[in-house]
Amino acid sequence: MQPEKLTITPLAAFQDNYIWCLTKPDSDALVVVDPGDADVVLQFARHTQKQLSSILITHHHWDHTDGIAALKQLWPHARVIGPAYEAERINSLTQTVHDGDIVELSEFGVRFKVLHIPGHTLGHIAYYTALLNQTPALFCGDTLFSAGCGRLFEGSPEQMHQSLQRLSVLPDETHIYCAHEYTLANLAFARAVEPDNQAVIEHVTKCQQLRDNQLPTLPSKLATEKAINPFLRCHLPDLQRKYASTTEQAAFTALRAEKDRFKS
Ligand SMILES: [Zn+2]
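Below, the structure written as structure tokens:
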């Protein structure tokens with residue numbers, strides 16, 4: 115008999131955040147990633163009749179962590195797992211993790227590997243598993259977005275570039291669960307950077323249709339990101355020439371600075 119599949123549901127919060135929820139039909143457990151808002155999680159738990167068992171945190175920003183306290187009041191036994199490097203800035207962590215640690219979600223029989231990917235914040239981590247419903251999956255917070263990457267609030271362009279390079283060697287079929295619906299805005303920039311990139315043009319049409327129907331454009335796939343995301347394409351000579359750069363890092367730094375100034 116096939117094991118029951120996990121369901122991965124994005125809950126929309128605030129302007130454009132997603133809180134990813136993991137559930138399984140044969141279990142009453144609920145795992146959430148980056149619950150910035152407790153109310154939407156509470157509604158989801160009531161609706162699906164689940165009990166919160168674990169919270170995974172990628173970094174300390176309020177829109178990823180503000181719901182923790184209220185959720186812990188309702189479910190005091192829920193585990194709260196987050197980056198050791200940011201432990202002082204995140205309330206109620208019950209387990210701090212470092213690069214390379216394994217997080218075991220025994221409620222679902224899933225194991226995540228922790229990847230330290232600084233840049234957006236200095237302690238930012240991602241959770242990677244080679245097997246989530248037979249597919250690799252990455253919960254990467256505000257580091258890799260579809261067609262973009264996170265702003266550098268704390269880290270350097272070198273750190274972010276290295277972090278993205280680390281993610282880009284994961285299997286091509288990896289599903290990318292990032293924490294914001296920024297895809298269309300990011301694609302506008304990607305199009306300005308690479309006007310002739312057919313994959314970008316096609317992805318705009320696909321994502322516009324999804325958004326017109328109020329559907330998320332996520333998860334993305336790593337293979338798709340390698341084709342459309344300029345921040346994963348700085349090794350290409352055309353892109354380096356555009357930024358008068360002779361190295362991948364220099365092109366990345368110029369690209370990140372241009373994105374900060376970009377108005378679509
Ligand atoms: Zn953030």
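All letters in the sequence shown, in the order written, are residues 115 to 378 by this note's numbering.
From the three backbone atoms N, C-alpha and C, an ideal C-beta is built for every residue, glycine too.
None of these values were measured; they are calculated from a predicted model.
Could you tell me if residue i is buried or exposed, where buried requires 16 or more neighbouring beta carbons within 10 angstroms of its beta carbon?
| i | result |
| --- | --- |
| residue 232 | buried |
| residue 376 | exposed |
| residue 320 | exposed |
| residue 200 | buried |
| residue 211 | buried |
| residue 216 | exposed |
| residue 343 | buried |
| residue 260 | buried |
| residue 312 | exposed |
| residue 326 | exposed |
Cβ of residue i within 7 Å of Cβ of residue j?
| i | j | result |
| --- | --- | --- |
| residue 181 | residue 139 | no |
| residue 271 | residue 367 | yes |
| residue 274 | residue 281 | no |
| residue 134 | residue 241 | no |
| residue 304 | residue 314 | yes |
| residue 127 | residue 147 | no |
| residue 333 | residue 294 | no |
| residue 185 | residue 152 | yes |
| residue 264 | residue 236 | no |
| residue 262 | residue 296 | yes |
Given this structure, state the Cα-to-Cα distance separating residue i from residue j, to the nearest angstrom.
| i | j | result |
| --- | --- | --- |
| residue 252 | residue 204 | 21 Å |
| residue 136 | residue 144 | 6 Å |
| residue 300 | residue 214 | 30 Å |
| residue 166 | residue 222 | 13 Å |
| residue 173 | residue 197 | 7 Å |
| residue 130 | residue 234 | 17 Å |
| residue 298 | residue 178 | 21 Å |
| residue 277 | residue 160 | 37 Å |
| residue 308 | residue 372 | 13 Å |
| residue 158 | residue 351 | 47 Å |
| residue 163 | residue 142 | 7 Å |
| residue 218 | residue 191 | 16 Å |
| residue 324 | residue 317 | 11 Å |
| residue 349 | residue 183 | 43 Å |
| residue 258 | residue 238 | 11 Å |
| residue 168 | residue 359 | 45 Å |
| residue 355 | residue 306 | 15 Å |
| residue 132 | residue 122 | 11 Å |
| residue 187 | residue 156 | 12 Å |
Taking 6 Å as the limit between beta carbons, can you name the residues of its chain near residue i, skipping five residues before and five after?
| i | result |
| --- | --- |
| residue 357 | 365, 368 |
| residue 286 | 336, 337 |
| residue 208 | 193, 194 |
| residue 340 | 346 |
If you drop the 5 nearest sequence neighbours on each side, which residues of the same chain put their C-beta closer than 7 Å to that of residue i?
| i | result |
| --- | --- |
| residue 244 | 250 |
| residue 379 | Absent from the structure is residue 379, since the part of the chain shown begins at 115 and ends at 378. |
| residue 228 | 211, 212, 213, 214, 215, 217, 239, 241 |
| residue 118 | 138, 139, 140 |
Skipping 5 residues on each side, what residues in its chain have a beta carbon closer than 8 Å to that of residue i?
| i | result |
| --- | --- |
| residue 120 | 136, 137, 138, 222, 224, 246, 247 |
| residue 361 | 354 |
Problem set entry | Runs of alpha helix (DSSP H) wholly within the region 157-225 (minimum 4 residues, chain order) | 176-179, 182-188
Exercise. Going along the chain, which unbroken runs of the beta strand (DSSP E) with 3 or more residues stay wholly within the region 256-314?
Worked result: 289-292
Problem set entry | alpha helix (DSSP H) runs contained entirely in the region 320-352, provided each spans 4 or more residues | 336-342
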